[in-house]
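Under the working numbering, think of the first position of the sequence shown as 24, with each following residue one higher.
We put the beta carbon where it would ideally sit given N, CA and C, even for glycine.
Fair warning: this is a prediction, and the values are worked out from it, not measured in the lab.
What follows is a set of notes on a single structure, which appears directly below.
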Amino acid sequence: MKIACPNCPQVYNIPKERFPEGKKKIAFPCPACKATIRIDLSKTDMDKDDGVKSKEAAVDSVEKEGTESQKLKKKILRSVTDLPPLPQVVMKANEIMANPSSTFKELGGVIETDSAIAGRVLKLANSAYYGLRGMVSSIHQASVVLGFEALGELISVVGAAGLLDRFLGGYGLEAGSLWQHSLAVAFGSKIIARKKTPTRENDAFSAGLLHDSGKIVLDEYVKEREEKFDAFLKKEGNTYLAAEKQILGFDHAEIAFDLCRKWSIPESQSIAIRYHHFPSESNRNELAYIIHIADVLAMKGGIGTGFDSMFYEIEEGAREYIGLEESELAEIMQEMIESVDKISDQIHH
């Protein structure tokens, strides 16, 4: 059986007996470029031999598609440099949060250097989610009442809001939809981390917040190819994620990874975001599994997502890897929804 890599010109002739019995879908890295090759065996003719001529045609086709995909990705990554960075005060605050010897005073002092950011932080601090309702009137007071971790969480929310709270016509998402979904995944990731790895709560929240940031970059390119995307998505079970890979040659998670590097996001969070749809490919990155489960739960809960949301499933073995029981999922989803509702009156900056 001939298999063509979607990312480079390589075509492999793999005997059918090499494929595991009983599996409908398999994935493995391309030996040449390390891109993931995915095969749906239920839709493949295992006995088909295309011969030398069709192999050459396949190579030509893959070379052409690979070159076009690489050119497009380079163009998109150049446009990433034109995107506004996370606010300087947010990036500085993240550095302070990453330093275990940092103090409330240092963190509060950085926030207060930007009055607009400070105002938004206080607005969120007084939302129903944090249960203070007008009790906090200064950053110092917020740090004392809420604590170091919660204050860092607030800064992450304020920093991400300006980037994610926008209309995405290519993906068919109204203004606020991506932002609401991102909040839900951030809260869901935090809830799961609290249950299983409490020391990663803040990391899980921050990574969950930015997991779909690649969509803000890809949106215009998806819109430009609207007819191709519409045709692909008309087929039952097809998703925007699959459409990105098929039509663009890469997906929003790959672009989000590049954004994270631009924003100096910690490596473990960046990798988690890169593999949040396929955590089993993340080399055991626990955050990738956490964000993946939270993302699927948010989609199943209909929080700020598109029409394809019901086609996403938790990857086989992901729940078990984290140590979650099936019975816990509904409880986590409900807590996510309630968390978003409590803060929703303050999410527009």
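Just list the residues that DSSP pairs residue 127 with in beta bridges. None, per the DSSP bridge assignment.
Quick check on residue 82: does DSSP put it in helix, strand or coil? Interpretation of residue 82 is limited by its pLDDT of 43, a score under 50 that renders its predicted location unreliable; the figure taken from the coordinates is listed afterwards. Correct three-state label for residue 82: helix.
Buried versus exposed, by CB contacts within 10 Å (16 or more), residue 253: exposed
For residue 266, which residues from the same chain have a beta carbon less than 7 Å from its beta carbon, with the 5 sequence-adjacent residues on both sides left out? 252, 255, 256
Span of the alpha helix (DSSP H), counted from its first residue to its last, around residue 115: 111 to 121
Please go through the region 145 to 177 and give each complete alpha helix (DSSP H) segment of 4 or more residues, from N-terminal end onward. 162 to 169
Helix, strand or coil at residue 258 [DSSP, three-state]: coil
Those residues which DSSP pairs with residue 61 across a bridge: 50
If contacts are defined as beta-carbon pairs under 8 Å, then residue 280 and residue 338 qualify, I think. What distance do you get, rounded to the angstrom? Actually they do not touch by this definition, with Cβ atoms about 18 Å apart.
Tell me the rounded alpha-carbon separation between residue 366 and residue 177. 11 Å
According to DSSP, residues forming a beta bridge with residue 34: 27
For residue 297 and residue 100, I'd like the C-alpha separation in whole angstroms. 15 Å
Per DSSP, the bridge partner or partners of residue 201: Beta-bridge pairing links residue 201 to no other residue.
Cβ neighbour criterion (16 or more within 10 Å) applied to residue 37: exposed
Under 7 Å Cβ to Cβ from residue 186, same chain only, skipping five residues before and after it: list those, please. 236, 239
Cβ-Cβ distance between residue 276 and residue 232 below 8 Å: no
Determine the direct distance from the alpha carbon of residue 350 to that of residue 166, and round the result to whole angstroms. 35 Å
Opposing strand residues paired with residue 191 [DSSP bridges]: 196
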